[in-house]
């Protein structure tokens with residue numbers, strides 16, 4: 306009985322040592338990874354901030370939104386597009402993917 310208790314005690318001691326080694330082995334790698342990610346994120350935010358500060362807003366902005374061209378505020382021009390309507394014998398048909406065409 307004594308030898309069995311001694312063997313269990315010895316096994317538990319060895320297990321604790323292995324657990325401690327395993328915990329310490331991962332700490333260095335994890336910390337190095339966190340440091341690299343932190344440095345990369347810091348560089349990215351600094352570069353983004355510097356870029357946003359250095360860019361000046363332009364006077365002329367052109368945007369295409371759903372068939373309208375905005376060249377200057379307040380002036381809209383319709384863009385020619387054949388994709389919005391389709392002509393047939395019965396007139397103009399609007400296509401909607403949610404409903405069947407023959408309804």
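In the numbering used here, the protein residues as written are 306 to 408.
Every residue gets a Cβ at the ideal spot worked out from N, C-alpha and C, and that includes glycine.
**Message:** Could you tell me the alpha carbon to alpha carbon distance between residue 307 and residue 343, rounded to whole angstroms?
**Reply:** Going from the Cα of residue 307 to the Cα of residue 343 covers about 54 Å.
- Task: Report the three-state DSSP secondary structure of residue 354 (helix, strand or coil).
- Result: Looking at residue 354 - three-state DSSP - the assignment turns out to be helix.
| task | Look at the alpha carbon of residue 315 and the alpha carbon of residue 325, and state the distance between them as a whole number of angstroms. | result | Straight-line Cα distance between these residues: approximately 16 Å.
- Message: What does the alpha-carbon distance come out to for the pair residue 349 and residue 323?
- Response: Distance between the alpha carbons of residue 349 and residue 323: 40 Å.
Keeping to the same chain, check which residues put their C-beta closer than 8 Å to that of residue 336; ignore five residues upstream and five downstream. Excluding sequence neighbours, residue 336 sits near nothing in its chain.
Given this structure, state the Cα-to-Cα distance separating residue 358 from residue 338, to the nearest angstrom. Their Cα atoms are separated by approximately 30 Å.
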